[in-house]
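Engineer: Taken in order, these protein sequences are the chains called R and P.
Quick note on numbering: our numbering labels position 236 of the first sequence as 332, and the sequence is numbered without any gaps.
Quick note on numbering: our numbering labels position 21 of the second sequence as 23, and the sequence is numbered without any gaps.
Handing you this structure, nothing more for now.
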Amino acid sequence: MSDLTYVGKNIPKVDAKEKVTGQAIYAGDLQFPDTLFGKIVRCWEHAHAKVTHLDLSEAAKVPGVVKVLGPKDVTQKLYNCGVLDLLASEEVGHMLGEIEDQRIFTDYVRHQGDAICGIIAETQEIAEAAAAKVIVKYEPLPVYLQPEESAKPDAIQFDARKPGNKAFQLPEQMFPNNVYGWGDVDAEMAKAELIIENTFQLPKVKQCQIEPHAYVALFDQRGRLSIWTSTQMPKLVQNKLARLFEMPLSKLNLIPTTIGGGFGGKLGMIFEPETCAMALAVPGRHVKVQSLREEDWVASESRHPGKYWLKIGFLKDGTPVAADALFTADTGAYFTHATGVPFTTGAWLIGMYKYGAVRYKTNAYYTNKAPSGAFRGYGNPQTNFVLEQTVDQACRQLGIDPVEWRKRWHKQVGDDGWCLGIPYASSSLTECLERGAAKIGWAEKRAKYANQSGPKRRGVGVSVMNHTSGAMPMLLEHTVAKVKMNEDGSAVINVACSDVGAGSHTALTQIAAETLGIPMEDIYIDNNMDSAGFDVGSHASRTAYVGGGAVMKACEDVNRQLIERASTRLGIPVDQLEIKNRQVVSKDGKASMSVKEICNVGVSNYINPANGERNGVPGQIQGYASHFPSHNSPPFGACFAEVEIDIETGQTKVVEMVIAHDIGRAIHPPSVHGQLAGGAQQALGMTLTEEIRYDEKGLIQNNSFFDYKLFGPLDMPKLTTILVENPDPGAPYGLKSVGEAGTVNPVGAVANAVSHALGIMFTEAPITPERILKAVNERGIK
Amino acid sequence: MKTRSITLCVNGRDYTFEVPHNRTLLQALRDDLKLTDTKYGCGSGECGGCTVLINGKDNINSCLTLAAEMEGKHITTVGGLTKNGQLHPIQQAFVELGAIQCGFCTPGMVMKTASLLAHNPNPSEDDIRRGLEGNICRCTGYENIIRAVQKASQMINASATQCAGGACS
Chain R
97 MSDLTYVGKN
107 IPKVDAKEKV
117 TGQAIYAGDL
127 QFPDTLFGKI
137 VRCWEHAHAK
147 VTHLDLSEAA
157 KVPGVVKVLG
167 PKDVTQKLYN
177 CGVLDLLASE
187 EVGHMLGEIE
197 DQRIFTDYVR
207 HQGDAICGII
217 AETQEIAEAA
227 AAKVIVKYEP
237 LPVYLQPEES
247 AKPDAIQFDA
257 RKPGNKAFQL
267 PEQMFPNNVY
277 GWGDVDAEMA
287 KAELIIENTF
297 QLPKVKQCQI
307 EPHAYVALFD
317 QRGRLSIWTS
327 TQMPKLVQNK
337 LARLFEMPLS
347 KLNLIPTTIG
357 GGFGGKLGMI
367 FEPETCAMAL
377 AVPGRHVKVQ
387 SLREEDWVAS
397 ESRHPGKYWL
407 KIGFLKDGTP
417 VAADALFTAD
427 TGAYFTHATG
437 VPFTTGAWLI
447 GMYKYGAVRY
457 KTNAYYTNKA
467 PSGAFRGYGN
477 PQTNFVLEQT
487 VDQACRQLGI
497 DPVEWRKRWH
507 KQVGDDGWCL
517 GIPYASSSLT
527 ECLERGAAKI
537 GWAEKRAKYA
547 NQSGPKRRGV
557 GVSVMNHTSG
567 AMPMLLEHTV
577 AKVKMNEDGS
587 AVINVACSDV
597 GAGSHTALTQ
607 IAAETLGIPM
617 EDIYIDNNMD
627 SAGFDVGSHA
637 SRTAYVGGGA
647 VMKACEDVNR
657 QLIERASTRL
667 GIPVDQLEIK
677 NRQVVSKDGK
687 ASMSVKEICN
697 VGVSNYINPA
707 NGERNGVPGQ
717 IQGYASHFPS
727 HNSPPFGACF
737 AEVEIDIETG
747 QTKVVEMVIA
757 HDIGRAIHPP
767 SVHGQLAGGA
777 QQALGMTLTE
787 EIRYDEKGLI
797 QNNSFFDYKL
807 FGPLDMPKLT
817 TILVENPDPG
827 APYGLKSVGE
837 AGTVNPVGAV
847 ANAVSHALGI
857 MFTEAPITPE
867 RILKAVNERG
877 IK
Chain P
3 MKTRSITLCV
13 NGRDYTFEVP
23 HNRTLLQALR
33 DDLKLTDTKY
43 GCGSGECGGC
53 TVLINGKDNI
63 NSCLTLAAEM
73 EGKHITTVGG
83 LTKNGQLHPI
93 QQAFVELGAI
103 QCGFCTPGMV
113 MKTASLLAHN
123 PNPSEDDIRR
133 GLEGNICRCT
143 GYENIIRAVQ
153 KASQMINASA
163 TQCAGGACS
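Have a look at this one:
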C-alpha cells in the first residue's frame with residue numbers, strides 16, 4: 097500500500113531481545129555498591145486521622161538503621177505529584193488556584209497509605225523490622241468515601257483553599273457558567289421527542305502495571321541529586337523534583353530505567369519525593385526504595401470514580417437535539433489530577449456526536465480514598481460507559497440500528513474535535529463501523545439474539561470512540577529531538593521520550609530510518625536526560641505523534657545539511673540533489689556522494705598542506721528540532737463485542753470482540769494490534785470485574801491480585817483487530833494515536849452487548865455476576 | 003535468623019552461599035546472586051513474574067519458595083535459556099510475534115511456557131490459556147503471547163536439538 101521502507105513494517109521491536117533474555121534493567125534491578133534501603137512507613141489503619149504522637153526512637157535503635165525521618169526532617173514544601181501545572185500557561189494556572197497539597201511525610205492522614213515517616217537502613221530486612229517499631233498514635237476523624245458525604249456543609253474541610261471540599265469545577269473565566277459545550281441546551285432539549293436520562297456510577301480501577309514502583313537515589317559530593325526511576329515523564333518529574341528540593345535542573349540528574357508498564361500509573365511523581373528526601377539525608381550513599389505490590393493500591397493513583405448524569409434528547413428520526421451532562425468526580429484525598437480528568441471526561445463526550453446543543457459540567461470533590469489520577473484513556477472509558485449505553489437505549493426505543501445511528505451522527509472531517517475550535521482533519525469511523533460490523537456478523541447476530549430463552553443468553557453490542565494524539569491546545573506539546581550523525585554514517589537520536597512498553601522507541605527508530613534512509617540497525621535511541629532536550633513525556637497518546645514529529649523534523653534537518661554539503665562539493669544546486677540509498681545523488685543521476693563520506697569528512701576534516709584546501713565541508717552533522725505540533729489528529733475507533741450470560745449464575749463470558757481502529761497510518765503494526773488487545777484487557781476489567789472496594793472505615797478490601805480480578809488468558813475473548821489506514825494530513829507519516837484508545841470502546845461495546853442479551857441496561861460498573869443476578873431476579877427473567 | 007549453607011545450580015553454574023532460613027528463592031537469586039532477570043511483581047504468588055524452572059521441567063513461583071529447600075536443585079531462569087547469545091526458540095517466538103510490551107512479565111511468562119511445553123509439546127490453544135493462567139500480563143491482552151507459545155511449540159518440535167526447558171547440563 098505504500099512505498100515506505102521502514103514505516104509500516106512488521107519487524108521485531110528494538111528492545112524485545114533484551115527484555116526476553118532478562119537483560120533489560122528495571123529500577124528494582126539496579127545494584128550499586130554500599131546501597132542503603134529506604135522504607136516508607138505508611139498509615140494502614142486509618143483513612144482520615146490526625147497523628148497525635150510519633151515516636152521514632154525505638155526504630156532508630158534497631159542495629160543497622162542509619163536514619164529515621166519524620167515529617168519535620170524533610171522539606172516542608174507542598175507539592176502536587178501530577179504534572180499538569182507544568183503544562184498549562186500561567187494564566188490557566190491562576191484559574192486553577194492552589195493545587196499543591198501533598199507532603200513527603202504527613203502528620204494528617206487523608207487516605208489509607210499516606211506516608212508517615214521514612215527509615216533508611218543497611219538492608220531491606222532491617223528497614224522492615226525498624227518500620228514495625230515506629231510508634232504512631234492517631235486521632236481518628238470522620239471518613240468520607242463519596243463526594244455527597246464530603247460536600248456536606250458540616251464535613252471537615254480538607255483544604256481551606258478549596259471550600260466545600262470542592263477541588264475543581266470548570267473555571268468561569270474559560271468556561272462561562274462553568275459549562276463546556278455549545279448551543280442553547282434548554283431550548284433544544286424542549287424539542288426532544290424522546291429523552292434518555294440516567295445517572296451512572298463509575299468504579300475506581302487500578303492501572304496494575306506489573307512492575308511495582310522502585311527507585312534508587314544518590315546525593316553526591318558535587319551536590320547532584322540522582323534519581324533512577326521508571327517514570328513515564330522523565331523531564332517533568334525532573335522539573336517537579338528540582339522545584340520541590342529547590343535545586344537547579346542541572347543538579348537534578350534523572351536516569352530513566354526500563355519501564356515495566358505505566359498506563360498512567362507512572363505519570364508524574366509517585367514515590368520519587370520520599371526516595372529523594374531519604375537520599376538527601378544520607379549524602380554519598382545510594383538509597384533504594386522497592387515498594388510492595390500491596391502498597392500500590394493504597395498509596396498511588398487510580399482512575400477517577402464518580403457519578404455521571406447524562407440526559408440526551410432525540411427526535412423520532414434519531415436526531416440528538418441536545419445533551420446535558422454532569423460528572424461528579426471523586427478526586428480522592430489530594431488534588432492531583434482534579435482538573436484534567438473531569439475536563440476531558442466531558443471533552444470526549446463533546447468530540448463524539450453532532451448534538452444540536454451540549455452542556456457539560458463537572459465538580460470534583462475530595463474524599464478519603466487514595467488519590468485519583470491518570471489512567472490510560474483519561475476519562476474516556478468513563479464517558480464510553482455512559483454515552484454509548486445512552487445512545488443504545490435511545491436506538492432501542494426508536495427502533496434504529498445502533499450501527500446506522502452512529503454512522504449518521506458521529507462527527508466528521510471539519511467538525512470540532514474534543515477541543516472546540518480544533519476541527520477533525522481526518523476520520524475513518526464510518527469505515528471502522530462498516531468493516532467491524534461485517535467481521536462480527538452484526539446484522540445476523542442482532543437478529544438471531546433478539547428473542548432468546550434458556551439459561552444462556554447471547555448479545556452483541558457496538559461502541560465508538562474519539563481520542564487524541566497529544567494534548568494540544570489544552571496543554572503544552574513539545575518535544576526536542578537531536579540526531580547526531582556519526583562519522584561512519586550511523587545515527588544516534590537523543591530524545592527524552594520514554595517507551596512505556598507500547599513500542600514508541602521502535603516507532604521513533606522506524607521514523608528516523610525512513611526519513612534518513614538508513615537501516616534501523618544503524619540507529620540508536622539515546623535517552624540520556626542530561627543531554628536530551630525537553631519532552632513532555634508519555635501521556636495523552638503523544639509519543640509517536642509528537643516525538644515522531646520531532647524525530648522526523650530533526651532527520652530532515654540532517655538531510656538538508658547533507659544535501660547542502662554535497663552541493664558545495666559537487667557544485668550542483670541543492671534543488672537538483674536528493675538522498676537515495678545512503679547516497680546524495682543528482683537528479684540526472686550523473687553525480688553522487690555517499691552519506692558516509694559526507695559524515696566522515698565533516699568529522700575527520702583535514703587541510704592539505706600543499707594547497708591549503710580542505711577535503712570537504714568541516715563540522716559533524718547534527719540535526720535538531722524543537723517541535724510543537726499544530727494539531728492533535730484525533731483517532732476514532734469502533735468496537736464490537738459478543739457476550740454470553742448465564743442468567744442462573746450471573747456470569748458473563750465475552751465470546752468475541754472486533755476492534756476497528758482509525759490509525760491514520762500504523763508505523764509499527766504489531767504494536768498497534770498489541771495496544772488494542774492490551775487496552776481491551778483493561779477495558780473488560782473495568783466493565784465486568786475490576787473495582788477497588790473500601791470498607792466503611794475507608795480501608796481497601798482488595799489490594800492484591802487475588803481479590804482484584806483482572807482478565808486472565810482464559811477470560812479473554814477471541815479478538816480481531818482491524819487497522820483502518822487513511823493517513824492524517826497533518827501528522828508525521830499520517831499516523832494517529834492508539835496508546836490509550838484500546839481501553840475505551842470495549843467498555844461501551846461490552847455493556848451494550850450485555851444490555852442486548854438481557855434487555856437490561858446496567859448503570860453501575862463493573863457489571864458483576866452479583867449485579868446481573870440481582871437485576872435478572874428483580875425483572876423476573878427466566 | 004539462623005542461616006544455612008546451600009548449593010544451588012542456577013543456569014548450569016553451582017553457587018554455594020549462606021542464606022537465612024526464611025530467604026525466598028527470589029531473594030536469593032536477585033539479592034544474593036545478583037541475577038535480576040527473575041522479577042518481583044507481587045511477592046505472594048499472584049502474578050507469576052518470578053516463575054523459574056526446577057530441574058528443567060517444573061515451574062514454581064520463586065517468591066513462594068524458600069531458597070533452603072532448593073538445595074541441590076537445578077534452577078533455570080530466563081537468562082539461562084539463552085545459550086552462547088542464541089535465543090531459545092521460546093524467546094525467539096516471543097520476539098517475533100510481538101508478545102513483549104513492557105517486558106516485566108516476560109521472564110516469568112517465558113519460563114511458564116518452557117514448563118508448559120516440557121510437559122505438553124503440542125498444546126491446544128485452550129491448554130495454553132489454561133497453562134498461562136497464573137501469570138499476569140497487563141500489556142498484551144495475552145493474544146500475542148498465545149500466538150508466540152504456539153509458534154514456539156512448532157519451532158521446538160521441528161528441532162531435534164533443543165529441549166523446551168533448557169535444563170542444566
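The beta carbon of each residue, even a glycine, is placed where N, CA and C say it ideally should be.
Is there contact here, the region 465-477 of chain R with the region 429-437 of chain R, by at least three beta-carbon pairs under 8 Å?
Structural biologist: Yes, the region 465-477 of chain R touches the region 429-437 of chain R.
Engineer: If you measure between the beta carbons of residue 416/R and residue 623/R, is that distance less than 7 Å?
Structural biologist: Contact flag unset, no.
Engineer: Contact defined as beta carbons within less than 8 Å: I believe residue 158/P pairs with residue 116/R. What is the distance between those atoms, to the nearest angstrom?
Structural biologist: Wrong, their Cβ atoms sit about 16 Å apart, outside the cutoff.
Engineer: Can you say whether residue 595/R is buried or exposed, counting buried as having 16 or more other CB atoms within 10 angstroms of its CB?
Structural biologist: Looking at its Cβ environment, which holds 16 or more other Cβ atoms inside 10 Å, residue 595/R is buried.
Engineer: For the putative contact between residue 216/R and residue 227/R, defined by C-beta atoms under 8 Å, what is the C-beta separation to the nearest angstrom?
Structural biologist: So it is not a contact: roughly 11 Å between Cβ atoms.
Engineer: Give, in chain order, every residue of the region 58-77 of chain P whose Cβ lies closer than 7 Å to some Cβ of chain R.
Structural biologist: Listed in sequence order: no entries.
Engineer: Does the distance from the CB of residue 645/R to the CB of residue 828/R come in under 7 Å?
Structural biologist: A contact, by the Cβ cut-off of 7 Å.
Engineer: With a 10 Å radius around its C-beta and 16 neighbouring C-beta atoms as the bar for buried, classify residue 408/R as buried or exposed.
Structural biologist: By the neighbour-count rule (16 or more Cβ atoms within 10 Å), residue 408/R is buried.
Engineer: Residue 802/R by DSSP, collapsed to three states: which one?
Structural biologist: It is coil, neither helix nor strand.
Engineer: Residues of chain R with CB closer than 7 Å to the CB of residue 13/P, please, in chain order.
Structural biologist: Neighbours of residue 13/P on chain R: none; closest Cβ ~10 Å, over 7 Å.
Engineer: Measuring CB atoms only, is the region 605-625 of chain R touching the region 370-382 of chain R, in the sense that at least three cross pairs come out at less than 8 Å?
Structural biologist: Too few Cβ pairs lie closer than 8 Å, so no.
Engineer: Quick check on DSSP: helix, strand or coil for residue 114/R?
Structural biologist: Looking at residue 114/R - three-state DSSP - the assignment turns out to be helix.
Engineer: Which one of 101/R, 108/R, 864/R and 851/R has the shortest CA to CA distance from residue 486/R?
Structural biologist: The option with the nearest alpha carbon to residue 486/R is 851/R.
Engineer: Please state whether DSSP places residue 707/R in a helix, a strand or coil.
Structural biologist: In the structure shown, residue 707/R sits in coil (DSSP, three-state: anything other than H, G, I, E or B).
Engineer: Which residues in chain R have a C-beta closer than 7 Å to the C-beta of residue 108/P? List them in chain order.
Structural biologist: Correct list: 115 and 116.
Engineer: Let me see if you follow: with CB-CB separation under 7 Å, is residue 211/R close to chain P or not?
Structural biologist: Chain P contact via Cβ: absent.
Engineer: Based on the DSSP secondary-structure assignment, which residues constitute the bridge partners of residue 807/R?
Structural biologist: Answer is none; residue 807/R lacks a bridge partner.
Engineer: Does the Cβ of residue 584/R have 16 or more other Cβ atoms within 10 Å, making it buried, or fewer, making it exposed?
Structural biologist: It is exposed - the Cβ of residue 584/R has fewer than 16 other Cβ atoms within 10 Å.
Engineer: Distance, Cα to Cα, residue 9/P vs residue 219/R?
Structural biologist: Using only the alpha carbons, I get a separation of about 23 Å.
Engineer: What is the DSSP secondary structure of residue 763/R, reduced to helix, strand or coil?
Structural biologist: DSSP places residue 763/R in coil when its eight states are reduced to three.
Engineer: Distance, Cα to Cα, residue 507/R vs residue 137/R?
Structural biologist: Distance between the alpha carbons of residue 507/R and residue 137/R: 50 Å.
Engineer: Any beta carbon from chain R within less than 7 Å of residue 19/P's own beta carbon?
Structural biologist: Not one chain R Cβ lies under 7 Å of residue 19/P.
Engineer: Between the beta-carbon of residue 463/R and the beta-carbon of residue 426/R, is there less than 7 Å?
Structural biologist: Contact flag set, yes.
Engineer: Is residue 810/R close to chain P, meaning its C-beta is less than 7 Å from at least one C-beta of that chain?
Structural biologist: Yes, contact with chain P.
Engineer: For residue 777/R versus residue 801/R, is the C-beta distance shorter than 7 Å?
Structural biologist: Going by C-beta atoms, residue 777/R is not nearer than 7 Å to residue 801/R.
Engineer: Tell me whether the beta-carbon of residue 422/R lies closer than 7 Å to the beta-carbon of residue 483/R.
Structural biologist: Cβ distance not < 7 Å, so residue 422/R and residue 483/R don't count as in contact.
Engineer: According to DSSP, is residue 254/R part of a helix, a strand, or is it coil?
Structural biologist: Here residue 254/R sits in coil by DSSP.
Engineer: Hey, could you find the ends of the alpha helix (DSSP H) residue 330/R is sitting in?
Structural biologist: Run containing residue 330/R: 330-340, per the alpha helix (DSSP H) assignment.
Engineer: Mind pulling the chain R residues with CB within less than 8 Å of residue 89/P?
Structural biologist: Going along chain R in sequence order, the residues near residue 89/P (Cβ under 8 Å) are 113, 116 and 117.
Engineer: Show which residues of chain P have a CB atom less than 9 Å away from the CB atom of residue 767/R.
Structural biologist: Neighbours of residue 767/R on chain P, chain order: 100 and 103.
Engineer: Indicate whether at least one CB of chain R lies closer than 7 Å to the CB of residue 168/P.
Structural biologist: Only weak support is given to the placement of residue 168/P: the predicted model assigns it a pLDDT of 49, under 50, and the question is left unresolved by the model.
Engineer: Counting pairs of Cβ atoms below 8 Å between the region 811-830 of chain R and the region 19-29 of chain P, do you hit three or more?
Structural biologist: No, the region 811-830 of chain R is not in contact with the region 19-29 of chain P.
Engineer: Any Cβ of chain P within less than 7 Å of the Cβ of residue 660/R?
Structural biologist: No, because no Cβ of chain P sits closer than 7 Å to the Cβ of residue 660/R.
Engineer: Does the region 525-532 of chain R come close enough to the region 704-719 of chain R to have 3 or more Cβ pairs within less than 8 Å?
Structural biologist: With a cut-off of 8 Å, the region 704-719 of chain R and the region 525-532 of chain R do not count as touching, because too few Cβ pairs lie within range.
Engineer: Considering only the alpha carbon of each residue, which of 108/P, 70/P and 126/P lies closest to residue 52/P?
Structural biologist: Out of 108/P, 70/P and 126/P, 108/P has the C-alpha closest to the C-alpha of residue 52/P.
Engineer: Quick check on the DSSP output: what are the complete beta strand (DSSP E) runs of length 3 or more inside the region 67-124 of chain P, in order along the chain?
Structural biologist: Segments of the beta strand (DSSP E) lying fully in the region 67-124 of chain P: 76-78.
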